[in-house]
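Numbering (the UniProt record's numbering), first residue to last: 1 to 247. Here a beta-carbon is modelled for each residue, glycine too, at the ideal position from N, C-alpha and C. Below is one structure; the comments refer to it alone.
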């Protein structure tokens, strides 16, 4: 099933839902910043879910893909509220929550606020609190641009320049992971590439050390970059979901 979901805030989110047989937990995939629900990881997971009889929900965050708006019009709170709402409406029953980069930040927030909701959690190059790290690295010129223009622009290795808005940084401060305890009672698998230029492996180690829970594992993959989309990496994502599903 494909369509658009209307949020209470009036935003239309594009989504695809695959109905499963119910014997296995479904999968909810949250994509990264400036990505969308049709990325390599999301489509590979949908193929696997279809083969294994799992349900799956993948959707475009506001301002991304085929959803309404422009990326710079939204922030972490907006995306968190929308993710929570569409998941509650379209992904019934036990679910494994999978988040990539920005989606990993959102997934961690969702898992922290309602841990009983999730059968498992898998993060891929999770980028919690990346707005704080960006602010700490800003020079005077960027700080002035953010204050005066309400946005900054940075080149991207993946296409068009990225625009980061004041709203993004402001809402990032309201949703920090490292400022509060992170109790994750569900099985958790964190995947991180050692060759990631966007999220340093040290950030993944810090996240693992910050999280508390009975079954949390971090795997740092030598040759993986931020995309984490080579065939062997896709297989690792599948294996991680399978692992947290059977615990």
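DSSP beta-bridge partners of residue i
i: residue 149; result: Residue 149 pairs with nothing; no bridge assigned.
i: residue 164; result: 152
i: residue 14; result: 4
i: residue 192; result: 220
i: residue 183; result: 212
Buried versus exposed, by CB contacts within 10 Å (16 or more), residue i
i: residue 14; result: buried
i: residue 106; result: buried
i: residue 165; result: buried
i: residue 212; result: exposed
i: residue 45; result: buried
i: residue 231; result: exposed
i: residue 67; result: buried
Residue span of the alpha helix (DSSP H) that contains residue i, given as start and end
i: residue 205; result: 201-210
i: residue 245; result: 231-245
6 angstroms Cβ shell around residue i - same chain, five flanking residues per side excluded
i: residue 53; result: 20, 21
i: residue 5; result: 13, 15, 86
i: residue 222; result: 194
i: residue 1; result: 17
Segment limits, beta strand (DSSP E) that includes residue i
i: residue 219; result: 216-221
8 angstroms Cβ shell around residue i - same chain, five flanking residues per side excluded
i: residue 246; result: none
i: residue 115; result: 183, 184, 185, 186
i: residue 63; result: 69, 70, 71, 72, 73, 74
i: residue 177; result: 105, 108, 109, 112, 128, 129, 207, 210
i: residue 40; result: 227, 229, 234
i: residue 168; result: 72, 74, 75, 76, 131
Beta-carbon proximity list for residue i, same chain, < 7 angstroms, skipping 5 on both sides
i: residue 216; result: 184, 188, 208
i: residue 102; result: 32, 33, 127
i: residue 170; result: 75
(message) At 4 residues or longer, what runs of the alpha helix (DSSP H) sit wholly inside the region 99-137?
(response) You should have 102-113, 130-137.
(message) Give the list of continuous alpha helix (DSSP H) stretches no shorter than 4 residues that lie fully inside the region 16-96.
(response) Counting only runs of 4+ residues, the alpha helix (DSSP H) found wholly inside the region 16-96 occupies 40-52, 76-90, in chain order.
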